[in-house]
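Report on the following structure.
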Amino acid sequence: MKSLFGRRSAIVTAALATALVLSGCSSSVNDSAGEASGDCGSYAIAMHAWGGYTASAQVLAEVAKAELGCTITQTTLEEGPVTYDAMEAGTIDVLIEDWGGGRWKDWSDRGAVVEVGDNGNIGIIGMYVAPWMVEKYPDITDSKNLNKYAALFKTADSGGKGAWFEGPTGYTTIGEKMVSANKLNFKVIFSGSEAALVDGFLKAEENKTPFIGYAWQPWTLHSKLPTLEAARVKFPANDWSDPAAASGLTDYPSTPLKKLISKKLNDANDSFTSLVKNFSWTNADQNGVAADLESGMTAEEAAKKWIAANTATVNSWLGK
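Listed below in structure tokens is the structure:
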């Protein structure tokens, strides 16, 4: 889940970037490890570049280090095949939130990746207009009417068409298929960051300028724009689970987000394996930690704050 308009401003950039660095995210494996205090062993958690994922992964890492004595490495990778390949290669052990709708099947069939259930979050992806537009153009959220309003969304970068702002490259998306299959007079423009998407929506709402962009739940943007969900563009009900198989004619599905682990971690069947399998929290839990990241806390601080306030949940993960 998933830089804009020509493109980039950053409203949450500093806070989120700092949080990612301090949480141990980087472009290579073994770049950040928590100190071990027991016999759990050493494991690597994949990190993806959005605040909600960081929240989930950091809470898992802090519990593993403090309660089980694990040494945890956190490494930033693109979601999807890049991460699955790393799991197969043995450099990543945990993917705590996957939006792929079963796209890991080939890796699972080879025994390289093991699905270990839902993480408790319900993921919703979609295309949303700036909320002010719904009041002025009540029928704009019907996908059949998008072309009627396409000219409103033109930018210097959209080649005479409406600008359709996607998430950063690497996010789960069928945006290009949607534009093509529905014959929409829009040009897909990929953003460079989550922060740029946030900036696009907030500035469009503040300045009453047209904007259509990729958004999702759970995401703290919904707390900043409480009417955003009403501004979701409605396509016909979805007919797919794997983005690669999507026709583009229909909407994204609402999907329980999955946890994946490596063969190594599954075979270990140790205390960390059990922790990952038991990990489950709500969209509100994730949004609370992500909001603390945006407000300036480091990922470690935000995770520890949530852990201290939710001991019963943490104990259930630990089997206490």
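According to mature numbering (1 follows the signal peptide of the UniProt record, and there is no 0), the residues represented by the sequence shown are -28 to -1, 1 to 292, in order.
Here a beta-carbon is modelled for each residue, glycine too, at the ideal position from N, C-alpha and C.
When the options are compared against residue i, the one with the closest alpha-carbon
i           : options               : result
residue 11  : 34, 37 and 41         : 41
residue 113 : 24, 214 and 184       : 184
residue 75  : 149, 144, 122 and 116 : 144
residue 20  : 243, 207 and 139      : 139
residue 251 : 13, 30 and 23         : 30
residue 176 : 151, 256, 115 and 100 : 100
residue 221 : 154, 228 and 240      : 154
residue 182 : 102, 90 and 78        : 102
residue 151 : 109, 289, 142 and 134 : 134
residue 168 : 235, 146 and 141      : 141
residue 62  : 118, 15 and 125       : 15
Sequence-distant residues of its chain with Cβ nearer than 8 Å to residue i (five each side left out)
i           : result
residue 131 : 159
residue 82  : 60
residue 286 : 35, 39 and 279
residue 219 : 149, 153, 211 and 212
DSSP three-state assignment for residue i, whether helix, strand or coil
i           : result
residue 261 : helix
residue 159 : strand
residue 288 : helix
residue 128 : coil
residue 134 : strand
residue 217 : helix
residue 9   : Residue placement at residue 9 is flagged as unreliable, the pLDDT there being 39, under the threshold of 50; the coordinate-derived value follows with that caveat. Coil, per DSSP.
residue 69  : strand
residue 114 : strand
residue 53  : helix
residue 79  : helix
residue 146 : coil
residue 21  : coil
residue 275 : helix
residue 247 : helix
residue 297 : Because the chain here runs from -28 to 292, residue 297 falls outside it and cannot be looked at.
residue 209 : coil
residue 252 : coil
Those residues which DSSP pairs with residue i across a bridge
i           : result
residue 44  : 15
residue 94  : 228
residue 99  : 186
residue 204 : 100
residue 234 : 85
residue 140 : 163
Beta-carbon contacts of residue i that lie in its chain and below 6 Å, excluding the five residues immediately before and after
i           : result
residue 238 : 86
residue 70  : 230 and 232
residue 18  : 49, 55, 64 and 67
residue 205 : 99, 113 and 115
residue 95  : 71, 227 and 229
residue 223 : 207 and 210
Buried versus exposed call for residue i [16 or more other C-beta atoms within 10 Å across all chains shown]
i           : result
residue 215 : buried
residue 345 : No answer is possible for residue 345: the residues shown for the chain start at -28 and end at 292.
residue 259 : buried
residue 178 : exposed
residue 281 : exposed
residue 180 : exposed
residue 39  : buried
residue 107 : exposed
residue 198 : exposed
residue 129 : exposed
residue 213 : exposed
residue 166 : buried
residue 297 : The displayed coordinates of the chain run from -28 to 292. Any statement about residue 297 would go beyond what the structure contains.
residue 292 : exposed
residue 127 : buried
Contact test: residue i Cβ vs the ligand ATP heavy atom, cutoff 7 Å
i           : result
residue 253 : Questions concerning the ligand ATP fall outside what the structure shown contains, since it holds no ligand whatsoever.
Sequence-distant residues of the same chain with beta carbon closer than 7 Å to residue i, five excluded per side
i          : result
residue 33 : 6, 17, 44 and 46
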